[in-house]
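Asks:
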Amino acid sequence: MAGNRDKSTDQMKLWKESRGSQRADCLTTGGGAPVGDKLNSMTAGLRGPMLVQDVVFTDEMAHFDRERIPERVVHAKGAGAFGYLEVTHDITRYCKAKLFEHVGKKTPIAIRFSTVAGESGSADTVRDPRGFAVKFYTEEGNWDLTGNNTPIFFIRDALLFPSFIHSQKRNPQTHMKDPDMVWDFWSLRPEALHQVSFLFSDRGLPDGHRHMNGYGSHTFKLLNAEGHPVYCKFHFKTDQGIKNLTVEEADRLAASNPDYAIGDLFNANGNFPSWSFFIQVMTFEQAEKFRFNPFDLTKVWSHKEYPLIPVGKLVLNRNPTNYFAVVEQLAFDPSNMPPGVEASPDKMLQGRLFSYPDTHRHRLGANYLQIPVNCPYKTRVSNYQRDGPMCMSDNQGGAPNYFPNSFSNPDCQPCFLESKFKVSPDVTRYNSANDDNYTQAGTFYSEVLSEEEMTETLSEPGRSPEGSPGLHPGTHGTAPDGYPSRLRKAGPEPAHQAQCRGSEELQCARLHPSYSH
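With the working numbering, letter number 503 in the sequence shown gets 503, and the count goes up by one each step, no holes.
Quick look at the structure:
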């Protein structure tokens with residue numbers, strides 16, 4: 001390929017070459033009727049008005065008027081690919097899900113990487129968390145793991161999620177990104193400090209999607225064949241190695257190549273990017289005695305106390321054939337879990353169980369699960385849901401559409417009942433705002449980052465577009481000054497920083513696994 005052209009740049013040329021000597025297809029309308037002229041509208045005379053009977057025009061224009069669907073309210077800018085998960089280690093002692101039933105088993109997957117706050121046309125090299133969502137097509141239904149490239153998040157209560165996202169989006173009057181909104185929310189919610197610290201470290205600017213880790217982030221529940229439950233966290237460690245952009249590189253790419261990460265993934269076709277898949281496991285007894293809430297999304301579990309258990313290898317081997325069809329319409333729903341995987345009391349996860357499928361029904365329609373890329377094609381869907389816009393199946397034929405019935409239609413299988421768990425405390429709105437918001441942020445800063453990284457993490461907020469000139473009195477003062485002072489106060493004495501130098505880097509990774517390579 002000439003010059004600096006690559007596979008993504010030459011996609012049209014490569015598509016033509018793939019057709020070889022095939023004759024061009026006959027151009028048709030959406031209804032399949034052949035078209036004789038697609039360059040000139042039908043008019044009454046050379047300079048006369050158009051005719052309503054010009055169905056070539058109305059077919060084309062009516063579809064064009066409707067071809068945009070609502071973009072994702074978050075994670076709008078993204079890239080996708082397809083591949084498989086291969087099990088390399090036996091974890092059936094923890095989980096009975098069939099995709100883990102034996103070593104060597106391969107399960108097809110779809111994956112979508114994304115930024116969070118930006119719109120669909122925004123640059124994908126900005127300082128922002130990255131989405132890391134995986135859809136496993138299993139014979140027990142699809143399993144959607146909706147993660148990020150960080151094991152933590154800014155908030156721990158889903159009730160705050162709409163306000164958090166509003167603060168990261170555009171000012172309702174100016175329609176501009178507003179750093180006052182960003183830092184105002186972060187300063188008023190101190191649980192954000194851990195994730196903000198991660199965001200302003202070098203991990204906040206990953207070099208594309210292939211060189212970053214992925215995390216399920218939430219705590220989940222696993223059940224084995226005997227019904228014994230444990231709590232679990234999921235980790236994907238990149239086999240390409242962690243690689244990040246400098247601030248200068250990210251700024252340059254945002255201006256010159258705003259689709260850098262999408263192109264990097266597309267052009268990796270044939271290199272088979274991969275991630276090693278691990279779990280962490282915590283027993284119910286350990287969870288009850290744990291020093292903090294194990295379901296808190298703003299905190300991590302120590303790798304030293306809860307070591308990574310290898311599971312398998314996630315490999316990407318196929319690019320999307322059409323972005324809209326298989327990436328824009330790709331819909332992840334954390335409530336899609338196979339038998340053996342269940343939700344924990346994590347409040348953020350509980351909120352997402354409702355919010356994700358709800359937004360898909362708004363964005364893609366009531367039958368979004370019938371769209372081929374979302375269809376659980378490894379199993380047969382058999383239920384009492386019928387009709388709705390864009391029903392693309394046989395609508396389950398003449399089978400009864402009510403339950404129970406006496407006509408031999410799908411029946412419940414008690415062996416797939418959810419696990420039983422006890423709930424005894426009083427029901428109220430518990431305030432979790434001050435649930436140790438600083439210890440792990442301090443560990444991250446003082447015991448994980450190098451001196452250079454510490455300097456960058458403290459100075460970067462002042463250089464970034466989010467650096468705010470002023471906030472509420474009594475919170476941080478000004479964001480760039482208040483953020484470092486709070487982070488320094490959160491950390492141990494500087495003497496502890498010596499743990500993170502040279503050969504003891506691995507020890508630091510164990511102390512704070514969110515930063516391990």
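Here a beta-carbon is modelled for each residue, glycine too, at the ideal position from N, C-alpha and C.
(1) Nearest CA to the CA of G36: which residue from S21, R23 and D54?
(2) Could you tell me which residues DSSP pairs with N142 in its beta bridges?
(3) Which class does K399 belong to by DSSP, given the choice of helix, strand or coil?
(4) My guess is that V341 and T283 are in contact by the Cβ rule of under 8 angstroms, so how many angstroms apart are they, rounded?
(5) Comparing the CB of P108 with every heavy atom of the ligand NAD, is any distance shorter than 7 angstroms?
(6) Taking only the alpha-carbon atoms, compute the straight-line gap between A254 and F132 and give it to the nearest angstrom.
(7) Return the CA-CA distance between T238 and A79, expressed in angstroms with no decimal places.
(8) Report buried or exposed for E447, applying the criterion of at least 16 other Cβ atoms within 10 angstroms of its Cβ.
(9) Take the Cβ of F354 as the centre, count every other Cβ of all protein chains shown within 10 Å, and call the residue buried at 16 or more, exposed below.
(10) Between which two residues does the beta strand (DSSP E) harbouring T107 extend?
(11) My understanding is that A76 touches S8, with C-beta atoms under 8 angstroms, so please give their C-beta distance in whole angstroms.
(12) Out of R5, D6, N4 and W15, which has the shortest C-alpha to C-alpha gap to N322?
(13) Check the C-beta distance from E453 over to D178 and give it rounded, since I have them as a contact under 8 angstroms.
(14) Which whole-angstrom value is the C-beta distance of I69 and L364, which I expect to be below 8 angstroms?
(15) Do you know offhand how far D387's Cα is from N395's?
(16) Output needed for W186: all residues of its chain with C-beta closer than 6 angstroms, excluding positions within five of it in sequence on either side, in chain order.
(17) In or out: R210 buried (at least 16 other Cβ within 10 Å) or exposed?
(18) What are the residues that DSSP puts in a beta bridge with V315?
(19) By the three-class DSSP mapping on this structure, what secondary structure does T58 have?
(20) Cα separation between M12 and T439?
(21) Can you pull the DSSP bridge partners for M392?
(22) Helix, strand or coil for R19 per DSSP?
(23) Give the DSSP-derived three-state secondary structure of E418 in the structure shown.
(24) Roughly how many whole angstroms lie between the Cα atoms of D6 and N267?
(25) Run the CB neighbour count on N405, radius 10 Å, all protein chains shown included, and call it buried at 16 or more, exposed below.
(26) Could you pull the DSSP bridge partners for P34 from this structure?
(27) Decide if S167 is buried, meaning its Cβ has at least 16 other Cβ atoms within 10 Å, or exposed.
(28) Measuring only the C-alpha atoms, how far is P34 from V56?
(29) Bridge partners of H235, per DSSP?
(30) With H, G and I counted as helix, E and B as strand and the rest as coil, what does DSSP make of M42?
(31) Is it buried or exposed, S274, if we count other Cβ atoms within 10 angstroms and call 16 or more buried?
(32) Cβ of R127 within 8 angstroms of Cβ of N148?
(33) Quick one: measure Cβ to Cβ for K169 and A117, integer angstroms, because I've assumed they're closer than 8 angstroms.
(34) Using a 10 Å radius around the Cβ and a threshold of 16 neighbouring Cβ atoms, would you call E288 buried or exposed?
(35) Buried or exposed: which applies to G214, given that a residue is buried once 16 or more other Cβ atoms fall within 10 Å of its Cβ?
(36) Would M181 be called buried (16 or more neighbouring beta carbons within 10 Å of its own) or exposed?
Replies: According to the structure data:
(1) Numbered from 1 along the sequence shown, position 36 holds the residue referred to as residue 36. Ranking the options by Cα distance to G36, first place goes to D54.
(2) Reading the sequence shown from its first residue, position 142 is the one you call residue 142. Per DSSP, Y137.
(3) Taking the first residue of the sequence shown as position 1, residue 399 is located at position 399. Here residue 399 is Ala; the residue named in the question, Lys, does not match the sequence. A399: coil per DSSP, three-state reduction.
(4) Sequence index remark: in the sequence shown, residue 341 carries index 341 (1-based). Sequence index remark: in the sequence shown, residue 283 carries index 283 (1-based). No, V341 and T283 are not in contact; Cβ-Cβ is about 17 angstroms, not under 8 angstroms.
(5) As for the ligand NAD, it is missing from this structure, which has no ligand bound.
(6) Numbered from 1 along the sequence shown, position 254 holds the residue referred to as residue 254. Numbered from 1 along the sequence shown, position 132 holds the residue referred to as residue 132. Whole-angstrom Cα-Cα distance: 21 angstroms.
(7) Within the sequence shown, numbered from 1, the residue matching residue 238 stands at position 238. Within the sequence shown, numbered from 1, the residue matching residue 79 stands at position 79. Here the C-alpha atom of T238 lies approximately 17 angstroms from the C-alpha atom of A79.
(8) Counted from its first residue, the sequence shown places residue 447 at position 447. Buried is the call here.
(9) Residue mapping note: residue 354 aligns to position 354 of the sequence shown, counting from 1. Per the 10 Å Cβ criterion, exposed.
(10) Working through the sequence shown from its first residue, we reach residue 107 at position 107. It spans K106 to T115 - the beta strand (DSSP E) in which T107 sits, taken as one unbroken run.
(11) For the purposes of this step, residue 76 is identified with residue 76 of the sequence shown, where counting begins at 1. For the purposes of this step, residue 8 is identified with residue 8 of the sequence shown, where counting begins at 1. Wrong, their Cβ atoms sit about 20 angstroms apart, outside the cutoff.
(12) Here residue 322 refers to the residue found at position 322 when the sequence shown is read from its first residue. For N322, the nearest C-alpha among the options comes from W15.
(13) Working through the sequence shown from its first residue, we reach residue 453 at position 453. Working through the sequence shown from its first residue, we reach residue 178 at position 178. Their Cβ separation, rounded to whole angstroms, is 28 angstroms, which puts E453 and D178 out of contact at 8 angstroms.
(14) Start at 1 with the first residue of the sequence shown, and residue 69 comes out as number 69. Start at 1 with the first residue of the sequence shown, and residue 364 comes out as number 364. Going by Cβ atoms, the distance from I69 to L364 rounds to 7 angstroms, so yes, they are a contact pair.
(15) In the sequence shown, the residue the question calls residue 387 occupies position 387. In the sequence shown, the residue the question calls residue 395 occupies position 395. Rounded to the nearest angstrom, the two C-alpha atoms are 7 angstroms apart.
(16) On the sequence shown, residue 186 is found 186 positions in, with the first residue counted as 1. Hits under 6 angstroms: A192 and V196.
(17) Stepping through the sequence shown from its first residue, residue 210 is reached at position 210. Buried is the call here.
(18) On the sequence shown, residue 315 is found 315 positions in, with the first residue counted as 1. V315 pairs with Y84 and S274.
(19) Start at 1 with the first residue of the sequence shown, and residue 58 comes out as number 58. Of the three classes helix, strand and coil, the one that applies to T58 here is helix, per DSSP.
(20) Translated into the one-based positions of the sequence shown, residue 12 becomes position 12. Translated into the one-based positions of the sequence shown, residue 439 becomes position 439. Spanning the two alpha carbons is a distance of roughly 53 angstroms.
(21) To locate residue 392, count along the sequence shown from 1; it is residue 392. DSSP output for M392 lists no bridge partner at all.
(22) Working through the sequence shown from its first residue, we reach residue 19 at position 19. In the structure shown, R19 sits in a helix (DSSP, three-state: H, G or I).
(23) Residue numbering aside, residue 418 sits at position 418 when the sequence shown is read from its first letter. E418 falls in the coil class under three-state DSSP.
(24) Within the sequence shown, the letter at position 6 stands for residue 6. Within the sequence shown, the letter at position 267 stands for residue 267. The alpha-carbon atoms of D6 and N267 are separated by roughly 7 angstroms.
(25) If you number the sequence shown from 1, residue 405 lands on position 405. Counting Cβ neighbours within 10 Å, N405 comes out exposed, since fewer than 16 surround it.
(26) Taking the sequence shown and counting its residues from 1, the one referred to as residue 34 is at position 34. P34 is bridged to T28.
(27) By 1-based counting over the sequence shown, the position of residue 167 is 167. Buried.
(28) Taking the sequence shown and counting its residues from 1, the one referred to as residue 34 is at position 34. Taking the sequence shown and counting its residues from 1, the one referred to as residue 56 is at position 56. So the alpha carbons of these two residues sit roughly 10 angstroms apart.
(29) Along the sequence shown, read from residue 1 onward, the residue named residue 235 stands at position 235. Beta-bridge pairing links H235 to Y215 and F278.
(30) For the purposes of this step, residue 42 is identified with residue 42 of the sequence shown, where counting begins at 1. Three-state DSSP puts M42 in coil, outside helix and strand.
(31) Taking the sequence shown and counting its residues from 1, the one referred to as residue 274 is at position 274. Its Cβ being crowded by 16 or more others within 10 Å, S274 is buried.
(32) As a position in the sequence shown, residue 127 is number 127, starting the count at 1. As a position in the sequence shown, residue 148 is number 148, starting the count at 1. No; because the gap between Cβ atoms is not below 8 angstroms, this pair is not in contact.
(33) The residue given as residue 169 occupies position 169 in the sequence shown. The residue given as residue 117 occupies position 117 in the sequence shown. That pair is a contact at about 7 angstroms.
(34) The residue labelled residue 288 in the question sits at position 288 within the sequence shown. E288 comes out exposed.
(35) Locating residue 214 in the sequence shown gives position 214, counting from the first residue. It counts as buried.
(36) Looking up residue 181 in the sequence shown gives position 181. It is buried - the Cβ of M181 has at least 16 other Cβ atoms within 10 Å.
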